[in-house]
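Data block below; observations after.
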Amino acid sequence: MDHRFQVSLRGVIDLLSHHLYSSPGVYVRELLQNATDALRARQQLEPGASGSVGLELREKQDGGPPTLLFTDEGVGLTEEEIHRFLATIGESSKREVLEARRNDFIGQFGIGLLSCFMVCDELLVVTRSAKGDGRTLEWRGRHDGTYDVRVSEHPLDAPGTHVYLVAREDMAEWFAPERVRQLARHYGGLLPFPVRLTVGGATEQLNPDGPPWRRLYETAGEKRQALLAYGREVFGTDFLDVIPLRSAAGDVDGVAFVLPASPHFNAKQKHRVYLKHMLLSESAENLLPEWAFFVKCVVNANGLRPTASRESFYEDTVLAQAREALGQSLRQYLMDLAREEPRSLQRLIALHGLSVKGLALDDDDFYRLVIDWLPFETSLGMMTLADYRRSWPVVRYTPTMDGFRQVARVAAAQGLCVLNAAYTHDTALLEKLPHVVSDAQVAAFSSADLPQTFEELTLDEREAIYPLLRLAEGVLAPFRCGVEVKKFFPAEVPTLYSSDAEGAFRRDAERAREESDDLYAGVLEGVMAGAGGGERAQLCLNLHNPVVRRLAAVESRELLKLSVEMLYVQALLLGQHPLNAQEMALLNHGLLGLIAARLDDGGGSGSSGSGSRGMH
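Residue numbers for the sequence shown follow my numbering, so the first one is 352 and each next one is one higher.
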């Protein structure tokens, strides 16, 4: 035989309070939503009907818990609808017409009224239907899951609904006048129906103005200042600028505020979103594209689908289309800045460069507008790409930070400007340049390219340096490193070590092989064999350097050998290249050898005697 599930109402309420809703205060939101939906349903039934939502706090003379009364002039409920919608969890009076009229109602899940049981033990609903027989009915529901329905002894004069909540003692704080005022204004401040609060006989309207971005202003400047003031009120931040947002998909409109400081690039901005002018969430994360983390926004959506908690939007095709349209609004703002206010764009890039770069990678038109304004670190200091291209027709860059450190100082001394493209998006932006800008030339640069810019030796210098060159080639041959001598600046740099990408890979593989077990070492051996011989690394000695010039005059082969070994190791370290075991042994041996040579020399000059070839 079939059995029916038994549902514990108290368990469901506990689930709502601890897992679905963010706080007990959402009971105000749920009642506002129900009232607003009832007003919209009344307008469908009676076009031209108007109505309002009322909240009244009634304090008890004996100091007992206060009562909050919610009233609306909406469509009301018949007796059949009371049993169906108020007493069945998951049922909704909007569900029948949801597919055809999705944009007309806020609530969709039929559990909103249960949120009231988070703050009270009993709920009284007095209602008169605009479609019924004119009777006024009372539904009294209790937290233990029981309820009763009867004809009211105090009939309502017109269709509508009154909801009475008596505060539970431990929830009295949620019925304090200022708390109710704050919650009602917070959730319903943009509703198109008047929302009025009565406390102690005094009544005030909580939503007199509507969305500030839809109001009429005398000038654009006045509107901008008003919206920035609104952003300050909502988020407590002095924003740099305000951007209008609009999407036909989902019927979304609102404003985005430009942050005054750059957030972490992984940070997701939390936005305030309204659904049918009712506050849905203050922490929506899926409304804007991921690259748009330089703004916070306030929007209203009439055609997006809320999740069950009604605190975010359901991820579907309409939301994806709305996200793209809102992203286009932000694109247009940045493109307008690039054309009309380039200095403002520069200031924004200085604060939010990562977001701008991400958008440029995604949008070719925007790329063309902003690429020349983007600043890059170079071997000659910070400069925009436009400044760089005015002086150097070929954009040379290094894709890694170590690569830039290896070449920056020497390149700068040669008057060569190299971009550091190691930062997020920079390499991809530069590689994209010739595909978007027809006359642009871009080339990756490494330490292996530097010797091509160095000054060649004269014939006399070649003859004088030949013994040193021949000895150095023999010393470094086991390390698969060639030697050449040129002249370059700065003069205090004695050597430059360079290798191509394959050589760098081989060095890393050899070092990993030394540190691995036999099995993995065998695998690496096979990989290295498959990589082929490749070009040898190169050590370039700088004849402008005094130490190198003095070495050319030294006759002691042992001292020359030790010196070349130490210059080789120093070049590796300056180039950020980790040493392998053989090179570490070379470093230790060379240090001890130089110390011993100095001691044997008795502290004298050593190399300035009869062995000099006159190269000073």
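Positions of the beta carbon are idealized from the N, C-alpha and C atoms, including for glycine. As the structure is a prediction and not an experimental result, all values here were calculated from the model.
Item: Where ALA386 and ARG597 are concerned, what is the direct C-alpha to C-alpha distance, given to the nearest angstrom?; Value: 28 Å
Item: With DSSP run on the structure shown, which of helix, strand or coil describes LYS708?; Value: helix
Item: Between which two residues does the beta strand (DSSP E) containing VAL609 stretch?; Value: 603–609
Item: Pick from PRO510, SER706, LEU396, ARG674: whose alpha carbon is nearest that of GLY427?; Value: PRO510
Item: Quick check for students: name the residue ranges of the alpha helix (DSSP H) that lie wholly in the stretch 687–740, counting only runs of 4 or more.; Value: 693–713, 715–721
Item: Identify whether GLY399 lies in helix, strand or coil by the three-state DSSP scheme.; Value: coil
Item: Excluding the 5 residues flanking ALA523 on each side, which residues of the same chain have their C-beta closer than 8 Å to its C-beta?; Value: PRO416, PRO417
Item: So what does DSSP say about GLU675, is it helix, strand or coil?; Value: helix
Item: Can you name the start and end residues of the beta strand (DSSP E) that ILE816 belongs to?; Value: Element bounds for ILE816: not the beta strand (DSSP E) but the alpha helix (DSSP H), 810–827.
Item: According to DSSP, is TYR919 part of a helix, a strand, or is it coil?; Value: helix
Item: For CYS648, name the three-state secondary structure that DSSP assigns.; Value: strand
Item: Leaving out five residues before and five after ALA711 in sequence, what residues of the same chain have Cβ atoms less than 6 Å from its Cβ?; Value: PHE717, TYR718, VAL721
Item: Over what stretch of residues does the beta strand (DSSP E) that includes ARG479 continue unbroken?; Value: 473–479
Item: Specify the secondary structure class of CYS891 as computed by DSSP and reduced to three states.; Value: strand
Item: With DSSP as the reference, label VAL669 as helix, strand or coil.; Value: helix
Item: Kindly indicate which residue of ALA932, LEU937, ARG908 has the alpha-carbon position closest to the one of GLN921.; Value: LEU937
Item: What is the rounded straight-line gap between the Cα of GLY540 and the Cα of THR497?; Value: 35 Å
Item: Within its chain, find whatever has a CB closer than 6 Å to the CB of GLY492; leave out the 5 residues flanking it on each side and keep chain order.; Value: LEU474, TYR498
Item: Would you check if the distance between the CB atom of LEU913 and the CB atom of VAL905 is smaller than 8 Å?; Value: no
Item: With H, G and I counted as helix, E and B as strand and the rest as coil, what does DSSP make of HIS494?; Value: coil
Item: Check for me: the beta strand (DSSP E) holding THR778 runs from which residue to which?; Value: Not the beta strand (DSSP E): THR778 falls in the alpha helix (DSSP H), residues 777–787.
Item: Inspect the beta-carbon positions of LEU681 and LEU699 and report whether they are closer than 8 Å.; Value: no
Item: From the DSSP output, which residues share a beta bridge with THR429?; Value: None, per the DSSP bridge assignment.
Item: Based on the DSSP secondary-structure assignment, which residues constitute the bridge partners of THR512?; Value: ASP423, THR478
Item: Restricting to Cα atoms, I'd like to know which of TYR625, GLY376, ARG740 is closest to ARG530.; Value: GLY376
Item: Considering only the beta carbon of each residue, do HIS513 and THR422 sit closer than 8 Å?; Value: yes
Item: Which residue's Cα is closest to the Cα of THR846: PRO818, ASN893, ARG813?; Value: ASN893
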